[in-house]
Structures are given as structure tokens and as C-alpha cells.
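**Q**
Protein chains in written order, with this note's numbering: chain A, 21 to 185; chain B, 13 to 566.
(1) Checking 8 Å against the spacing of the C-beta atoms, do residue 197 of chain B and residue 152 of chain B come in under that value?
(2) Leaving aside the five residues before and after residue 202 of chain B along the sequence, list all residues of the same chain whose C-beta is less than 8 Å from its C-beta, in chain order.
(3) By Cβ distance, which residues of its chain are closer than 6 Å to residue 264 of chain B, with the 5 residues on each side in sequence left out?
(4) Check whether the Cβ of residue 50 of chain B lies closer than 8 Å to any Cβ atom in chain A.
(5) Establish whether the CB of residue 23 of chain B and some CB of chain A are separated by less than 8 Å.
(6) Touching or not, the region 175–183 of chain B and the region 132–149 of chain B, by the rule of three or more beta carbon pairs under 8 Å?
(7) Helix, strand or coil: how does DSSP classify residue 334 of chain B here?
(8) If you measure from the beta carbon of residue 235 of chain B to each beta carbon in chain A, is any gap under 8 Å?
(9) For a test of the three-state rule: what should DSSP assign to residue 466 of chain B, helix, strand or coil?
(10) Give every residue of the same chain whose Cβ lies closer than 7 Å to the Cβ of residue 96 of chain A, excluding the five residues on either side of it in the sequence, and list them in chain order.
(11) Looking at C-beta atoms only, is the number of pairs between the region 260–280 of chain B and the region 329–339 of chain B that lie closer than 8 Å three or more?
(12) How would you label residue 306 of chain B, buried or exposed, when you count the other beta carbons within 10 angstroms and need 16 or more for buried?
(13) Are any of the Cβ atoms in chain A nearer than 8 Å to that of residue 534 of chain B?
(14) What residues in the region 165–189 of chain B have a beta carbon less than 9 Å from any beta carbon of chain A?
(15) Taking DSSP as the reference, what is the three-state secondary structure of residue 289 of chain B?
(16) Identify every run of the alpha helix (DSSP H) within the region 133–183 of chain A, keeping only runs that are complete inside it and at least 4 residues long; order them along the chain.
(17) Just confirm the distance between the C-beta atoms of residue 365 of chain B and residue 67 of chain B, as a whole number of angstroms; I'd bet it's less than 8 Å.
(18) Grab me the residues of residue 153 of chain A's own chain with a C-beta within less than 7 Å of its C-beta, minus the 5 sequence neighbours each way, in chain order.
(19) Would you check if the distance between the CB atom of residue 323 of chain B and the CB atom of residue 397 of chain B is smaller than 8 Å?
(20) Determine whether the Cβ of residue 171 of chain A lies closer than 8 Å to any Cβ atom of chain B.
(21) How about residue 128 of chain B and residue 25 of chain B: are their beta carbons less than 8 Å apart?
(22) Relative to the C-alpha of residue 56 of chain A, which residue among A:43, A:102 and A:48 is closest?
(23) So, at 7 Å on beta carbons, what are the nonlocal neighbours of residue 470 of chain B in its own chain, with the 5 sequence-adjacent residues on each side left out?
(24) Would residue 26 of chain B pass as an interface residue toward chain A - the criterion being a Cβ-Cβ separation below 8 Å?
(25) Let me know the secondary structure DSSP gives residue 259 of chain B once reduced to three states.
(26) Between which residues of its own chain and residue 94 of chain A is the CB-CB distance below 6 Å, once the five residues before and five after are set aside?
(27) For residue 285 of chain B, go through chain A and note every residue whose CB falls closer than 8 Å to its CB, in chain order.
(28) Over what stretch of residues does the alpha helix (DSSP H) that includes residue 77 of chain B continue unbroken?
(29) Please classify residue 406 of chain B as buried or exposed, where buried requires at least 16 neighbouring CB atoms within 10 angstroms.
(30) List the whole-angstrom C-beta distance separating residue 99 of chain B from residue 382 of chain B, where the pair is believed to meet the contact cut-off of C-beta under 8 Å.
(31) Whole angstroms is fine: what's the gap from residue 113 of chain A's alpha carbon to residue 146 of chain A's?
(32) At 8 Å on the CB atoms, spell out the chain A contacts of residue 250 of chain B, in chain order.
(33) Check the DSSP bridge columns for residue 94 of chain B and list the partner residues they point to.
(34) Roughly how many angstroms separate the alpha carbons of residue 484 of chain B and residue 539 of chain B, rounded to a whole number?
(35) What separation, rounded to the nearest whole angstrom, lies between the Cα atoms of residue 194 of chain B and residue 142 of chain B?
(36) How should residue 468 of chain B be labelled, buried or exposed, when 16 other C-beta atoms within 10 angstroms of its C-beta is the threshold for buried?
Next up, the structure:
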């Protein structure tokens, strides 16, 4: 069973991930591949349950169009770093504020960076211990560069100084 | 030297704790080999032929005497009493035990050092000119910009799993001593007509299997935009760089396949969204980082030293060393001094712990307690009083560090090669030594003049053979070691790739081949001012090839 971490706590997963070619059920929360999201909008619009969309590493977030409540980004291997850019684009360019979930080869040692790029939800690979994984968010207490989570260190530092003055 | 503030230190400490935890989980079987590998690589730890190899970062090559003493201590306690300086201005330890690496990192953190991103598919240690800050031809001191890039790239959340490694070099002088044209990104710091500092940006250069000279993708990038522009380049590369074949995964292949023009357009398109937004540098931040660098307290009005002139006149050995290993300095009365790590019989770049301690003491006495590691695997004391040169020379000679061969044939760049590296096809160090022994006559060596000879043990090109005036590449032929010879490569502002002269030769033939190349050069040069590489440029490889493969000479 895959464990889910959402907003830094272990959570229950009500979503089912569909593959291209699967039939979209009328009810229940499903995450559909981008191609299905684009080609079957009438079916998606008529559903009783919620519908999210998932992107493969080569998918362009610009192609989503109308943003759903949940977007997942698939990592075929944890060493494939394209999803980090996808996440930042969704958060920082396309203004996505819903649940952004990492799915696939999602491991404890990448959670800190994934979170910095805007992911707030993590469907861990089956062998991962969720309690252990939660510790990863505190691996680092600071960061130099801007991310989806906060501005660059120098920007925050100077703005604190301004506030203090 | 840049001095850490509390946050710089905290991040390094947290990386040590993180890596200790990762290593413990690996050793206890909780973390698999496939998951641990990229994590340890990102911390400079390879599993090599004999033992793990740990590569420690020396950001932009700058190191203090205190740090060098720590490296000496680590080599003594955790290794076999020596370290190896690499062409990327880092130091490598070839024999540490895996379980000790977290302790080594903790020791390094005590002196503001680390191994962060010295390997792995991420942004690596930024490199620069070994004469940064002191070179008379300098337009902009690159150190501050290097440190800003170091901070930006350190634990960058978006670019930790790039298609392949990513190397950035910065030069701020007229002459390019940082090999910016053969890096993934080369930054040439310049001033525009308005006097603003900026960078000419090159992308897609590199050596390896597919050597390419970088393309200028932006003529002038204002300093404020440095980091957002780097983000744009890296994002385009991260999203579109090839991941299906590791030999086609470097940015140079993306630039080539898209064409430089289209790659540039993609970067500009991405940058449109980032320009002026978060991460745009401000004067105050540049000043803050600049103020954390220690500044040497140069003495003014140093007296002319009559003794120095006398030593020059009387001691040919001293004169020869001054001629080759001493370099001009922007401050009157000061010079920069190269410590050659290319003494015959010693693997290029290797230094023992005792030598490191001695060098640290000399740096304290003669160069404000700092030194630099060069991409040619030597060391530099950047701020030496001219009046101290003779005393320093005597002291360096005693340590075997005064070989007067900087810029000459025996100043060989060589990777660790098949003796150590599991990637290598062939050995490098014994070949370097055989060549050094062949050219042991100092008068002849000086007569040959400027010559870069570079050796790589495989086509990953860690020994930069493509840009050697003479380049030697180890190749494997049915399990035997052979060597492919190229000539005419060069580094610097007119960087060029060497051309292969013909079929590979056996290991014991390499010194003969080099000798024939040199004889051909001597026969054809107009004057002593015309260097080997100039003659190759003028005549092509023809006469060289003819002589090397002519049976009459065998």
C-alpha cells in the first residue's frame, strides 16, 4: 500500500490514478492523464466525483488549460528531475494553488527538494516508511535560492531588516 | 577568502548530518545501493577501483592555510598520507573508508569546507582564474560572482537531478585562464560602455566524447540578472536535455541538436518570465558577499631589492624559476608564484600531508595565509612580496615544489588514469612520468618553450587532452592500452580542439612520438618566439604526422 503525505502529515488517499485507455468512472475522485483531460472534457465535466490531472515528465503544464483542484506529476525514476521544473512552473507561472502531488518513484531523500519546488502532497513508493519520510522536510532549515516556497535568502534577509527598521 | 556567516555554516552542518543519516541507512540495509548512489555522488563520493574516492570542494580554487592543514590531517588519518588536486580545482582522497566519510565531512565543516555537489548530475563546483584579483589584465574580480553562484547552486531544489553534470567557469580577465569556452556555461565578466559589470555568456562547450567550443548565447548580461538567467538556462536544459543516453546528455548536445540560435531563443523565452523577479541580485547583496572576503593588507612603497637583482644575475636556477613560475601582479612590489606539482616521478597534482603542512606554513609566511588550486593541477601563492622571492624559492626547493616548468612540456595535466579510476581505458600517470623523464634536460625543456601536454586515460577527458598543444588519449584495443595523439589544441581566448595525427601507438612508444613531434617543431619554427602550437597552426599536422609515422626514424 502506498502511503500519502499531505501538508506534512500522513493522510488518507481518496484519489485513484487512471492510465490512458482506462474508462473514467462517473463517481469517485480520479486523477487522469493529461491526454484524457484534454480529449474527454465533456465526460470530465459531467462526473459526480472530483477529477485531477497527472503529467508525465515530458508533458508541458501549459497544455492543461483550465486548472483542476489537484495536479499530480509522475516521476518514472527519482533521478529524472524534470518534474521539479514542472512543479515550479505550475506554482510560479500558471498560478496553481491546489494540491500538487508527486507520484511514482517518490522517496524520502527527495522530499525536501520536492517541497521547495511546490509539491505539498507525496504518494510515496510502496517500500517507503511514512514516519521516517516526514523527517525529511527538516533536513535543511534554510536555503539560498528562491523556490516555489519562498524568495531568495538575501531577499528575505533584507526585507526582515527593512521591517525591523 | 570568503568567510562563512552563521547560515553558510548551518547549511554545511545540516548537509553533514543528512549525509551521515543517509550513509547509516545504507550501511544498515534500509537504503538500497541504487537509491544511495546518487546521494553519495552528490556529496563527492565515488566507489572506485581500490576504495571509495572522496572529492572535496575547493570553491573557485581558493583555500586558506588553516584549511590546507585540515586536508593534510584528513589525508594522514583517513587516507594514505596524500591528496590529489584535480583539474577542477578540487582535491580528491583515494583511500577513505566509506563508514568514515561522515566524520571526514564533519572535520571539513569545522574549517568551512564540504563536498557538496562535487559529483552527480547537478551544478558542480564553480571554477575560475587562478590569478583572480591579482592579474594585471583583470577587468572584473570574479571571486564575488563565483561565491554568489556557489550559494545559488548549493542545494538548488530544481536542479539536483539534471540530465548530466553541469560545470560553470568564470573569467574576469582579458586572457581566459578559466577555460570558459569548454564549460557547460562560461561567463566572461566584462564592463559595458556605461561601466556596468556584466557577463558575456557562453553555453554548450565541453570536452569528453564530443568536444565542442561553447557558443556565445548572450553578449552582455547585466550582473543583476546573473542568477535568474542561470535559472533560465538550467531550466531549459533540465526540461529538454536528453536523458535516454548518458553520452548525449550534456547541455552541449542539446545546444547542438537545437542549434545555438534556437537554444538561445528558448533560453530568452524562459528568461522573459524570470527577469526582474525573485532572485534578481541587488547591490546590497553583492556588497554583503564582497565584504565577507578577506582583503590582503598590501604594503605600499616596498623598497627595490638590490639582492633580488643580484640573485637573478648569479643563480641560473633561481632565474629560470622566476622566468617560468613567477607571474605579474597588479600591485607594485608583489608577484604571484606557481608551486609546481609536476616534479618528475610524482603523479601530477599529488601532494603529501607533510608537503601540505609545509605549504600552509609558507602561505602564512609569504602570502597572507591563502593559496589557490589551479586547473593545471598546480598551486599558486597569489600575493608574494618580490623581495621574498629568493627565500621562498629556497623553501619551495626543499619541498620539491620549485620545478621551473610552468607552461612547459613537463607541466603535464593528467587524470588519475587506470591506476585508480574505474572508467579509464589506460594508465595516465606512468605515461606522464615516462615523458617527463625523456625531457629531463632543463635547458632543452626551456628551449622548447611554451607547451601544454595533457593526458586523459579515457574519452571522459578529465585530463583535458583535447585542448593540450599535444593531447594524449588512452584507448582500449582488445584489452590492451594504446594511446591516440592529437596536436594543435589550445585553451584560452582562442580555444581550439586538437587534431588526431594518426593511428594509436603503444604505451612505450609515447615518449618517442612526443620527441619526434618536438623535433619537427624545432626544425620548422621561425624563431624561439614561435611556439609549438603556432607552428602546428601554420603548417597543419602534415609534417608532424609524416615524421611520427616515418619508419626511417624507428
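Ideal Cβ placement from N, Cα and C applies to all residues, glycine included.
**A** Short version:
(1) no
(2) Correct list, in chain order: 151, 152, 209, 210, 211, 212 and 232.
(3) 216, 218 and 224
(4) yes
(5) True, the Cβ-Cβ gap to chain A drops below 8 Å.
(6) yes
(7) helix
(8) no
(9) strand
(10) 77, 124 and 125
(11) no
(12) exposed
(13) no
(14) Across the region 165–189 of chain B, CB contacts with chain A closer than 9 Å involve 165, 166, 167, 168, 169, 170, 171, 172, 173, 174 and 175, in sequence order along the chain.
(15) coil
(16) If we require 4 residues or more, the alpha helix (DSSP H) runs fully inside the region 133–183 of chain A come out as 150–154.
(17) About 18 Å; that fails the 8 Å criterion.
(18) Here the set comprises 25, 128, 131 and 144.
(19) no
(20) yes
(21) no
(22) For residue 56 of chain A, the closest C-alpha among the options A:43, A:102 and A:48 is that of A:43.
(23) 435, 436, 437 and 486
(24) The beta carbon of residue 26 of chain B sits closer than 8 Å to some beta carbon of chain A.
(25) helix
(26) 74, 76, 123 and 124
(27) 113
(28) In this chain, the alpha helix (DSSP H) harbouring residue 77 of chain B covers 77–90.
(29) exposed
(30) Not confirmed; about 21 Å, so no contact.
(31) Within the model, the alpha-carbon separation for residue 113 of chain A versus residue 146 of chain A is close to 32 Å.
(32) Against chain A, the beta carbon of residue 250 of chain B has neighbours under 8 Å at 101, 102, 104 and 105, listed in chain order.
(33) B:364
(34) 26 Å
(35) Taking C-alpha positions only, residue 194 of chain B is separated from residue 142 of chain B by approximately 17 Å.
(36) buried
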